[in-house]
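Basically the numbering used here = 1-based index in the sequence shown + 2.
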Amino acid sequence: MVLAPYGSNGSLIAWKEKNASQIRVGTLASDDKQFSPLLTTAGDEVHSMVGHSSGGALLMVADDPDIYSSKYCKSAATPSNAACQKMSLLRFDGKGSVLSSTTLTDKANVDSEGALFIWWYGHTGRLAWDGSRYAAYFRSAGSYARPNVAGEIDIHAGDTLRMLDANGNRLSGGWQWGCSHSWSVRLAGNSSGWSAFCHGDAYPNALRLQQLSTTGVSTKTTEWLSGTNADTRALGGVVADTDGYWLSYLETTGSLRLHLARFNNNGTQISDQIISSATGIDAQYPFRAYLGKLGSQLLLGWKSGGKLILQATDASGTLLGTPVTSAAGVSNFDEFVSLGNGDLAFANATSSGAVSVTRVAACN
């Protein structure tokens, strides 16, 4: 379930149908209830979305028959849920007409050295827009020659970052293979460039920020929590502003702790505070933290006792007030999204398959 700001106070919403390989996209009015359908397209997962003045763009996963391998795609030699799929950028206008669909993975057969695709390994993606370019960052799978065994391949898990122009055409910049193995990714951009965060378990075994220029050229790498067990840390949310980026993340030093880190536009970490009010954080992996922009403030989120806890900070990251317990549902997949009027919202699919949207009003 993904949201994107749309217009002055509304949103775009997209989800995958529970019992069909279809993705639905529509608009929500400012009451978060009045739904207007835009389009339905074939697909198995929807990961991220951006809204434009009319329409938007969607980062999604769908089957790719062009790369099918009988050996590695839904065969006896692989898990029953093995899939050979593509990650795509789908652009659409305000009436729901598809403007373009760009495959971000490659077209080599899965059973060939150098293939890049979406497999049964865990995968997520994030999409960002700077006014003239898209950046798409997603977890991917790649086929590499098996050492000392001619004609055989091994499939590894990594991540990929693609740059695209306003019409959805692939550009240079980014990378084919980044963190490996990549457990999760986050992405944000401003007028100075892009920040791509990954959670790696080997190359690197750390949390990593790759700072990029506006055209997607890597300019600086920052790593922290190096050498720690990958299941003792997790990325939260990322918020961009003019001067840099805020990132929330979780790590275990004794007990599970929530951090709010600040990075400048050069990719240098300039502060990293432990959120003292975040206590009793649910520590069973996978755990998750959240972060979004709420007017001129930030809103942190974490789970304790299975419930979502919210804590506001000012623009400098200083805590405001005390934590508030919310009855709203939120999953590890959901993201906090800042809307056009400064409100914050997130969407969640309930166990019955219903759609739930929660909005937090910005302070005036």
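Glycine included, each C-beta is placed from N, C-alpha and C at the ideal position.
- Taking 3 residues as the shortest admissible run, the stretch 293-327 contains the following complete beta strand (DSSP E) segments, listed from N- to C-terminal end: 299-306 and 309-315.
- Counting along the chain, the unbroken beta strand (DSSP E) around Gln87 starts and ends at Gln87 to Phe94.
- A contact is defined here as three or more CB-CB pairs under 8 Å, and the stretch 265-280 fails this definition with respect to the stretch 341-351.
- Taken through DSSP and simplified to helix, strand or coil, Ile277 comes out as coil.
- In this structure, Asn266 and Gly239 do not form a Cβ contact; the two beta carbons are roughly 18 Å apart against a cut-off of 8 Å.
- With a contact defined as Cβ atoms closer than 8 Å, Ile120 and Val27 miss out at about 20 Å.
- Setting aside the 5 residues that flank it on each side, Tyr146 is surrounded in the same chain by Glu115, Ile155, Asp156 and His158, each with a C-beta closer than 7 Å to its C-beta; the list follows chain order.
- Residue state for Asp108 is assigned as coil, using DSSP reduced to three classes.
- Distance between Lys18 and Gln213, taken at the CA atoms: about 32 Å.
- A residue is called buried once 16 or more other Cβ atoms fall within 10 Å of its Cβ, and Cys75 is buried on that count.
- A Cβ-Cβ distance of about 6 Å is found for the pair Thr126 and Val187, placing them in contact under the 8 Å criterion.
- In this model, Val359 and Arg148 are separated by some 47 Å (Cα to Cα).
- Leu312 and Glu253 have their alpha carbons spaced roughly 18 Å apart.
- In this structure, DSSP gives Ile283 a state outside helix and strand, which the three-state scheme calls coil.
- Residues Met3, Tyr292, Phe348, Ala349 and Asn350 of the same chain have their beta carbon placed closer than 8 Å to that of Asp336, with the five preceding and five following residues left out of the count.
- In this structure Ala198 is in contact with Leu163, their Cβ atoms being roughly 6 Å apart against a cut-off of 8 Å.
- In this structure, Arg135 sits near Met165, with a CB-CB distance shorter than 8 Å.
- Partner residues in a beta bridge of Leu40, as assigned by DSSP, do not exist.
- For Gln24, the uninterrupted beta strand (DSSP E) segment begins and ends at Gln24 to Leu30.
- Counting the other CB atoms within 10 Å of its CB gives Gly153 a total below 16, which places it among the exposed residues.
- Residue state for Asp132 is assigned as coil, using DSSP reduced to three classes.
- Here the alpha carbon of Val362 sits roughly 11 Å from the alpha carbon of Gly294.
- The Cβ neighbour count for Pro7, taken over all protein chains shown within 10 Å, is at least 16; the residue is labelled buried.
- Cα atoms of Gly53 and Asp243: separation of roughly 18 Å, rounded to the nearest angstrom.
- Classified as exposed, Ala22 has fewer than 16 neighbouring CB atoms from the shown chains inside 10 Å of its CB.
- Residue pairing by DSSP places Tyr146 opposite Asp156 in a beta bridge.
- Less than 8 Å divides the Cβ of Leu300 from the Cβ of Trp248.
- Here Thr352 carries a coil assignment [DSSP, helix/strand/coil].
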